Every structure is written in structure tokens, then in C-alpha cells.
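Engineer:
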Amino acid sequence: MRLEKCWFCSSTVYPGHGIQFVRNDAKIFRFCRSKCHKNFKMKRNPRKVKWTKAYRRLHGKDMTQDATFEFERKRNRPERYDRNLTENTLKAIKTIDKVRFRREETHHKKRMSGKLAKETKEARKELDQQINLIKAPGAMVKDTSSAKVTVKVQHESDENRMEE
Amino acid sequence: MATNSASNLFHAGRSLLRGLGSSSSGMLRSSQESTCNSFLAQQIRTFIQMRTNLKVVDNSGAKRVMCIQALKGKKGARLGDTIVASVKEAQPGGKVKKGQVVYGVVVRAAMQKGRSDGSEVKFDDNAVVLVNKQGEPIGTRVFGPVPHELRKKKHVKILSLAQHIA
Numbered sequence: 001m002r003l004e005k006c007w008f009c010s011s012t013v014y015p016g017h018g019i020q021f022v023r024n025d026a027k028i029f030r031f032c033r034s035k036c037h038k039n040f041k042m043k044r045n046p047r048k049v050k051w052t053k054a055y056r057r058l059h060g061k062d063m064t065q066d067a068t069f070e071f072e073r074k075r076n077r078p079e080r081y082d083r084n085l086t087e088n089t090l091k092a093i094k095t096i097d098k099v100r101f102r103r104e105e106t107h108h109k110k111r112m113s114g115k116l117a118k119e120t121k122e123a124r125k126e127l128d129q130q131i132n133l134i135k136a137p138g139a140m141v142k143d144t145s146s147a148k149v150t151v152k153v154q155h156e157s158d159e160n161r162m163e164e
Numbered sequence: 001m002a003t004n005s006a007s008n009l010f011h012a013g014r015s016l017l018r019g020l021g022s023s024s025s026g027m028l029r030s031s032q033e034s035t036c037n038s039f040l041a042q043q044i045r046t047f048i049q050m051r052t053n054l055k056v057v058d059n060s061g062a063k064r065v066m067c068i069q070a071l072k073g074k075k076g077a078r079l080g081d082t083i084v085a086s087v088k089e090a091q092p093g094g095k096v097k098k099g100q101v102v103y104g105v106v107v108r109a110a111m112q113k114g115r116s117d118g119s120e121v122k123f124d125d126n127a128v129v130l131v132n133k134q135g136e137p138i139g140t141r142v143f144g145p146v147p148h149e150l151r152k153k154k155h156v157k158i159l160s161l162a163q164h165i166a
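As given, the protein sequences belong to chains A and B, one line each in that order. Numbering-wise, the UniProt record's numbering puts 45 at position 45 of the first sequence, and it's gapless, one number per residue. Numbering-wise, the UniProt record's numbering puts 3 at position 3 of the second sequence, and it's gapless, one number per residue.
1) Contact between the segment 34-50 of chain A and the segment 69-76 of chain A is defined here as three or more beta-carbon pairs at a separation below 8 Å; is this criterion met?
2) Would you report the Cα separation of B/Tyr143 and B/Val107, rounded to the nearest angstrom?
3) Following the continuous alpha helix (DSSP H) through A/Arg103, name the residue where it begins and the one where it ends.
4) Between which two residues does the beta strand (DSSP E) containing B/Arg64 stretch?
5) Once you ignore the five residues that flank A/Thr52 on each side, which residues in its own chain have a CB closer than 8 Å to its CB?
6) Could you check the C-alpha separation between A/Arg103 and B/Ile158 for me, to the nearest Å?
7) Mapping DSSP to helix, strand and coil, what is B/Ile165?
8) Between the segment 25-44 of chain A and the segment 81-93 of chain A, are three or more C-beta pairs nearer than 8 Å?
9) Taking beta-carbon pairs under 7 Å, can you tell me which members of the segment 122-149 of chain B lie near chain A?
10) Does DSSP put B/Pro145 in a helix, in a strand, or in coil?
11) A/Phe21 touches chain B at which residues, Cβ-Cβ below 9 Å?
12) Check whether the segment 81-93 of chain B and the segment 49-61 of chain B touch, using three or more Cβ-Cβ pairs below 8 Å as the test.
13) DSSP has A/Glu4 in a bridge; who is on the other side?
14) Using a Cβ-Cβ cutoff of less than 6 Å, which residues in the same chain neighbour B/Gln100 once the five nearest sequence positions on both sides are dropped?
15) Tell me whether the beta-carbon of B/Ala85 lies closer than 7 Å to the beta-carbon of B/Val105.
16) Does B/Gly80 pass the burial test, meaning 16 or more other C-beta atoms within 10 Å, or should it be called exposed?
17) For chain B, check one thing: does any of its Cβ atoms lie closer than 7 Å to the Cβ of A/Lys50?
18) When we look at the beta-carbon of residue 168 of chain A and count the other beta-carbons within 10 Å, is it buried (16 or more) or exposed?
19) Thinking C-alpha only, which one of A/Met112, A/Lys61 and A/Val22 is nearest B/Val121?
20) Less than 8 Å between C-beta atoms, sequence neighbours within five positions excluded: which residues of the same chain meet that for B/Met66?
21) Nearest to B/Gln69 by CA position, among B/Gly114, B/Ala77 and B/Ala62, is which residue?
22) For B/His126, count neighbouring C-beta atoms within 10 Å of its own C-beta (all shown protein chains included) and say buried if the count is 16 or more, exposed if not.
23) Check whether the Cβ atoms of B/Ser116 and A/Gly16 sit closer than 7 Å, and answer yes or no.
24) Taking the alpha-carbon positions, what's the B/Lys75 to A/His107 distance?
25) Hey, how far is the Cα of A/His59 from the Cα of A/Asp128?
26) Pull up the distance between the alpha-carbon of B/Ala72 and that of A/Pro78, whole angstroms please.
27) Does any C-beta atom of chain A lie closer than 7 Å to the C-beta of B/Gly118?
28) What residue ranges within the segment 46-72 of chain A form continuous beta strand (DSSP E) runs of no fewer than 3 residues, ordered along the chain?
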């Protein structure tokens, strides 16, 4: 039993899941679900679709170079069955998984380190530049505006009197 | 003074309008994209039935056959099924002639077929390998990939001749 990787999103395809397409040159495209298959039929490039592993690796979102990935790689040399080896491998899987999880967390933390400062800076800039969207530019100067209203009223009343 | 306040109001109104205009254009763009996607959708593949043209992927001499009867199944033949076909195009000097009625095993089908583990498999085109009534291949070579399900259908000879097994 072999766990294959989805051609589009690089997630694991478990036995009995998904669909595989065999091209005439015998290249096999495996898909984990219909979402990936449909995207393939639409001729989308997985490197340009944001939710795929290929995009995330390419744009430095995920950890790419790590020794823990080497253990999972497909090997073409068949291994002779050895009971002790199998037992040790099964034990090692858990440890390696833990190590990788920790390293991925540190990678994420490092990537997100400047996020708060950047967001604050952008918010401040937006507030400075687009204050007129929430407050009319005239309303910023309080004293003159109140004076303006009184003057206007007086003016109108004067005109009315003149007409009468 | 009064004119000044009015101009301020006008500015605010224009900015609001601009916001509305940009949002409406965005909606238009999205609707156009959706129509484009429906054009890109592929043809839905179906069974191999009467009058389906199939490519012949062996060296029997036939190039194209037309299905005239599926030997099993109500709706038609699928991957691995045997069909009766008539030879539409043939190379000169081959083992089969044009107009001959032959038996063939469907080794590639564009319609997906469920595998024994629950996943599915589909191919690029519809292709057939010509066999005689006993199920032995007429040609001596098979081109392109063939599915391993042929073993279940007792076409081991085709599998052993094939270049690739998918």
C-alpha cells in the first residue's frame, strides 16, 4: 500500500480516494479530490494557485529545506524486510513528525515576526490619508464652522427683510 | 463662506459616487469570468456504444474501428470490456482488411472507471486491441499504456505485450 501525492495540491492521496488520469505517454496524474481534478482540467498551473503546496513552497510560505523531508522521500530501491528495522522505523516516524512540527512552527513564527509593526504602520497611513471618508474636511476646523452658520442665518434674515 | 461649505459637500458626494462606481465595475468583471469558465468545461465522456470510433493500438493492420456491439452491459462497453467492431481504416498488407468485422478489447477509455480500491482511472482517448473469438490478440505488439484490470478480465497476453501498465 502506497500513499501517493496529489499532482495538483501535493496532499496525500489515500487508497480508494480520488481519480487518476493516464496520459497517452503513460504519465500518471493523481488527484486527491474532484477540486484538484477540475483545476487540472481548467489547465491551471498549481504554482499560480494560492492554496496549493507548490505555490506556498515557491513563495516562501512553507518550510522547504529540511532534513525531515528526506525521510519521507520515495526510494526506488526495494528494501529487504527486517522486523527490527520496521519496528524502529515506526518508532522514528513519531519522533520525526514531532521535530518537523516544531520546526514548522518556528519557521511560521519567524515569517510572521514583523507582521504587527507592519499592520500598525499601514493602519496609521490609511488613517492619515483617508480621514476625509469618515469626517468632512470642513468639520476638522471647529471654531470657524460655528461662526459660519451664524453669519449665514443673519445674512438670510437680512435679505428677507429687504424683500418685505 | 456659504459657497465654501457647499463645495465641501460636493467633494464628499463625489468620493461616495466614485466608491459606488468602482464596486459596480468589479461586479461586472466577476460575471464575465464566470461565463468564460463555463466555456472551458470539458466534454462529458460516456460509454463506448454503437458508432463509437476507436483507435487501434496494435500492429494488426487496422487503424480505426467503429463499435457495432458491446458484448456486455446494457449501456455500452467500458474499460476492459470486449466489443464487436467494423474496421473503418486499415493499412495495406495488414492482417485485417477494411470492412471486416472484428472483436476487440477496450484498453483505454476516456470515461472514468472505478478501481477495486474505490479510486477511479481515466485515459486520454478510446483505444482498442483486436482479438480473435478466443480472446487472443491478433497483433504482436501493443502501444501505449494499458490498465492492470485486464488481468482480471483474463487478457494477460495483452498485458505482457504492453509498453506501460497504469
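Idealized CB from N, CA, C, for every residue including glycine. This one's a predicted model, so the numbers in the text were calculated from it and none came from an experiment.
Structural biologist: A quick look at the data gives this:
1) As far as the Cβ criterion goes, the segment 34-50 of chain A does not touch the segment 69-76 of chain A, which means the pair count is below three.
2) Per the sequence shown, the amino acid found at residue 143 of chain B is Phe instead of Tyr. Those two C-alpha atoms are separated by around 10 Å.
3) Arg83 to Arg111
4) Ala62 to Ala70
5) These residues qualify, in order along the chain: Phe8, Cys9, Ser10 and Pro46.
6) 50 Å
7) Residue state, collapsed to three classes: strand.
8) no
9) Lys122, Phe123, Asp124, Asp125, Gly144 and Pro145
10) strand
11) Near A/Phe21 (Cβ distances below 9 Å), the residues of chain B are Gln112, Val121, Lys122, Phe123 and Asp124.
12) Yes: at least three Cβ pairs fall under 8 Å.
13) A/Val13
14) Exclusion of the five residues before and after B/Gln100 leaves Val87 as the residues of its chain whose Cβ lies within less than 6 Å of its Cβ.
15) Taking 7 Å as the cut-off, the Cβ atoms of B/Ala85 and B/Val105 do not count as close.
16) buried
17) no
18) Residue 168 of chain A falls outside the range modelled here, since chain A spans only 1 to 164, and no answer is possible.
19) A/Val22
20) Arg51, Thr52, Asn53, Leu54, Ala85, Ser86 and Lys88
21) B/Ala77
22) First, the amino acid is wrong: residue 126 of chain B is Asn here, not His. With a 10 Å radius around the Cβ and a threshold of 16 neighbouring Cβ atoms, B/Asn126 comes out buried.
23) Cβ distance not < 7 Å, so B/Ser116 and A/Gly16 don't count as in contact.
24) 55 Å
25) 32 Å
26) It should be pointed out that residue 72 of chain B corresponds to Lys in this sequence rather than to Ala. B/Lys72 and A/Pro78: Cα-Cα distance of roughly 40 Å.
27) yes
28) none
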